[in-house]
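Written below as structure tokens is the structure these notes are about.
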Amino acid sequence: MTRHSELLTGKKVYLRPLNGEDAELYYHMFYGTEVRRLTGTKKHITKEQIENYIARKSGDDSTVLLLIALRENDEVIGDIAIQDMEPDNRSANLRIAIGDERHQGQGYGREALLLILDYGFGILNLHRIELEVYSYNARAAHVYESIGFVREGVRRQTLYYNHEYHDVIMMGMLDSEYRERYVKKGG
Numbered sequence: 072m073t074r075h076s077e078l079l080t081g082k083k084v085y086l087r088p089l090n091g092e093d094a095e096l097y098y099h100m101f102y103g104t105e106v107r108r109l110t111g112t113k114k115h116i117t118k119e120q121i122e123n124y125i126a127r128k129s130g131d132d133s134t135v136l137l138l139i140a141l142r143e144n145d146e147v148i149g150d151i152a153i154q155d156m157e158p159d160n161r162s163a164n165l166r167i168a169i170g171d172e173r174h175q176g177q178g179y180g181r182e183a184l185l186l187i188l189d190y191g192f193g194i195l196n197l198h199r200i201e202l203e204v205y206s207y208n209a210r211a212a213h214v215y216e217s218i219g220f221v222r223e224g225v226r227r228q229t230l231y232y233n234h235e236y237h238d239v240i241m242m243g244m245l246d247s248e249y250r251e252r253y254v255k256k257g258g
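Just so we're aligned, residue 72 is where the sequence shown starts under the numbering used here, counting upward by one.
Next up, the structure:
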């Protein structure tokens, strides 16, 4: 039995809300060099800033920010968010990060994405969910495409990181595309 509330549960992972006591965990989880590179993180962030971020997001109706935890041992391995929700357009942005390289490539991120997409389209009634991925993150782009995201464009030389400019690939999924692929008909 887990210590935390499970908002969304899959076979390998569950997604849960952040709590105030998660600030320390959150702070350390995303300070690895590779995670910072994949997310394009440049700034140094203090624990106090993390605490303020968690507090702000908990009161922000345009964001659903959740931690990704392993069902087998409750270890938090990353976070996922639907953010910048626009009720009039029924659209939002999605982001995900898996904090430790040993948890990458295990299918955890894929399962978390499918859980949050089902929530976004099936509960929040979103019409469109979009995301961005840096051109050097081919593994993530492949996962997004395999799930059903469509490449919609490229913003050229958007991110300056490690002495180079990198493109940002824009991808999106519509509710009809999600339902056609994942929702059983006549069930």
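Just so you know, even glycine gets a beta-carbon here, dropped at the ideal spot from N, CA and C.
Distance CB(residue i)-CB(residue j) smaller than 8 Å
| i | j | result |
| --- | --- | --- |
| residue 219 | residue 249 | yes |
| residue 247 | residue 197 | no |
| residue 138 | residue 150 | yes |
| residue 135 | residue 153 | yes |
| residue 239 | residue 205 | yes |
| residue 95 | residue 128 | no |
| residue 174 | residue 207 | no |
Buried versus exposed, by CB contacts within 10 Å (16 or more), residue i
| i | result |
| --- | --- |
| residue 182 | buried |
| residue 87 | buried |
| residue 73 | The predicted position of residue 73 is uncertain, since its pLDDT is 40 and thus under 50; a value taken from the coordinates is nonetheless stated next. Exposed, by the Cβ-count rule. |
| residue 254 | exposed |
| residue 211 | buried |
Continuous alpha helix (DSSP H) stretch holding residue i: start and end
| i | result |
| --- | --- |
| residue 180 | 179-193 |
| residue 125 | 118-129 |
| residue 252 | 246-253 |
Start-to-end residues for the beta strand (DSSP E) that takes in residue i
| i | result |
| --- | --- |
| residue 218 | Residue 218 -> not in any beta strand (DSSP E); alpha helix (DSSP H) instead, spanning 209-218. |
| residue 226 | 221-232 |
| residue 164 | 162-169 |
Integer-rounded CB distance, given that residue j should sit under 8 Å from residue i
| i | j | result |
| --- | --- | --- |
| residue 180 | residue 169 | 5 Å |
| residue 92 | residue 85 | Actually they are not in contact, since the Cβ atoms of residue 92 and residue 85 sit about 18 Å apart, beyond 8 Å. |
| residue 194 | residue 171 | The Cβ separation is near 29 Å, so there is no contact. |
| residue 202 | residue 166 | 7 Å |
| residue 130 | residue 200 | No, residue 130 and residue 200 are not in contact; Cβ-Cβ is about 22 Å, not under 8 Å. |
| residue 89 | residue 186 | Going by Cβ atoms, the distance from residue 89 to residue 186 rounds to 16 Å, so no, they are not a contact pair. |
| residue 164 | residue 155 | 4 Å |
For residue i: DSSP bridge partner residues
| i | result |
| --- | --- |
| residue 204 | 240 |
| residue 87 | 138 |
| residue 152 | 136 and 166 |
| residue 339 | Residue numbering for the chain in the displayed model covers 72 to 258; residue 339 lies beyond these limits and cannot be assessed. |
| residue 79 | 86 |
| residue 157 | 162 |
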